[in-house]
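Notes for the one structure printed next.
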Amino acid sequence: REPPRGRSRSPPRRAEAPPQPMRSRSPAKKVVLQARRDPPPPRHRILIQHCPTFLTAQDLYEAFAEQAKAPVKGVEMLAPQPGERGVRAYVEFSTVDDAAAAQKRFDGGCLNGEVIKVVIVPV
Numbered sequence: 088r089e090p091p092r093g094r095s096r097s098p099p100r101r102a103e104a105p106p107q108p109m110r111s112r113s114p115a116k117k118v119v120l121q122a123r124r125d126p127p128p129p130r131h132r133i134l135i136q137h138c139p140t141f142l143t144a145q146d147l148y149e150a151f152a153e154q155a156k157a158p159v160k161g162v163e164m165l166a167p168q169p170g171e172r173g174v175r176a177y178v179e180f181s182t183v184d185d186a187a188a189a190q191k192r193f194d195g196g197c198l199n200g201e202v203i204k205v206v207i208v209p210v
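As structure tokens, this is what we get:
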């Protein structure tokens, strides 16, 4: 059965608000103020190439700390790349002179039967 034509079962319509101006969909830009910081201290690192794969970061730390006679700040081992002989590692020293001395002493030397290449990483 159809409802009578003059009446609707839906609620009465409200007056529509005027259309809003179109807004950009991009997020609002925020201004962030940061305190001025001193630049980080320079890192004095050497890159060791062709490291034997079975050595750990602790082994390298001990070898360089003992042989280089300089304080080692840290060692970072990198994952071996496909087709690359051995692994690469970074050894960080506290001064440029310590890094240069370690590079001079170990470049072309043997580390557990593997000839390694040592280069200073530019800052």
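Counting in our numbering, the sequence shown runs from 88 upward without gaps.
The beta-carbon is built from N, C-alpha and C at its ideal position, and this holds for glycine as well.
Report task. Using alpha carbons as the reference points, say which of Lys156, Asp185, Val205 lies closest to valine 174. Result -> Stepping through the sequence shown from its first residue, residue 174 is reached at position 87. Out of Lys156, Asp185, Val205, Val205 has the C-alpha closest to the C-alpha of valine 174.
**Report entry** Cβ separation of glutamine 136 and isoleucine 203, assumed to be a contact under 8 Å, to the nearest whole Å
**Finding:** On the sequence shown, residue 136 is found 49 positions in, with the first residue counted as 1. On the sequence shown, residue 203 is found 116 positions in, with the first residue counted as 1. Glutamine 136 to isoleucine 203, Cβ: 7 Å. Contact.
Query raised in the report: Whose CA, out of Ala187, Pro209, Gly195, lies closest to the CA of alanine 155?
Result: Along the sequence shown, one-based indexing puts residue 155 at 68. Answer by Cα proximity: Ala187.
Query - Reduced DSSP secondary structure (H/G/I, E/B, other) of leucine 134 - result: Sequence index remark: in the sequence shown, residue 134 carries index 47 (1-based). Note: leucine 134 maps to strand in three-state DSSP.
Query raised in the report: Buried or exposed: cysteine 197, going by 16 or more other Cβ atoms within 10 Å of its Cβ?
Result: Start at 1 with the first residue of the sequence shown, and residue 197 comes out as number 110. Exposed is the call here.
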